[in-house]
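Visitor: Please read through the structure below; I'll follow up with questions.
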Amino acid sequence: MPKFTITTETGQGPETYDEPVEFPHATAAEHDAQVALTEMCREGLPHDKSARYGVRIQDDAGNQVYKAALHFEAEREGETGQAPDVPNELPLGPRD
Numbered sequence: 010m011p012k013f014t015i016t017t018e019t020g021q022g023p024e025t026y027d028e029p030v031e032f033p034h035a036t037a038a039e040h041d042a043q044v045a046l047t048e049m050c051r052e053g054l055p056h057d058k059s060a061r062y063g064v065r066i067q068d069d070a071g072n073q074v075y076k077a078a079l080h081f082e083a084e085r086e087g088e089t090g091q092a093p094d095v096p097n098e099l100p101l102g103p104r105d
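Counting with the numbering used here, you get residues 10 to 105 for the letters of the sequence shown.
Below is the structure:
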């Protein structure tokens with residue numbers, strides 16, 4: 010089974026897993042990376058105005074096969090004002 014090296018970024022510098030992880034193919038590694046990225050965001054909710062989360066996957070030859078990032082940015086009322094197209098109350102999402 011192919012092995013992939015995973016590197017994550019949670020705002021404290023890149024962190025590479027100690028051992029490569031086996032996946033049946035690159036698409037499976039991509040799907041796992043997407044889930045991991047959303048979990049990083051959920052577990053590390055920012056206590057500041059912005060945060061950046063990322064994940065990179067390399068195959069066993071060292072070629073980058075996938076890269077994804079999420080950027081969180083917040084504004085508080087009175088800092089710049091609310092954009093006219095932003096509703097006053099946003100749904101919580103699928104767990105709403």
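By construction, the Cβ of each residue, glycine as well, lies at the ideal position given by its N, Cα and C atoms.
Only a predicted model underlies this, so the values are computations on that prediction, with no experimental measurement involved.
1) What residues in its chain sit with their C-beta under 6 Å from that of H80, if we drop five residues either side in the sequence?
2) D27: which of A35, F13, K58 and H40 sits nearest, CA to CA?
3) Do you know how far the Cα of E82 is from the Cα of T125?
4) What residues in its chain sit with their C-beta under 8 Å from that of S59, if we drop five residues either side in the sequence?
5) Here's the rule: buried if 16 or more other CB atoms are within 10 angstroms of the residue's CB, otherwise exposed. What is D105?
Guide: According to the data block:
1) Here residue 80 is taken as the residue at index 71 of the sequence shown, counted from 1. So the qualifying residues of the chain are R61.
2) Locating residue 27 in the sequence shown gives position 18, where the first residue counts as 1. D27 has its Cα closest to that of F13, out of A35, F13, K58 and H40.
3) A query on residue 125 cannot be resolved here, the shown segment of the chain reaching from 10 to 105 and no further.
4) In the sequence shown, the residue the question calls residue 59 occupies position 50. The answer, listed in chain order, is H80, F81, E82 and A83.
5) As a first step, residue 105 is located in the sequence shown; it is residue number 96 there, counting from the start. Confidence is the limiting factor: at D105 the pLDDT is only 46, short of 50, which leaves the residue's position unreliable, though a coordinate-based value still follows. Exposed, because fewer than 16 other Cβ atoms sit within 10 Å of the Cβ of D105.
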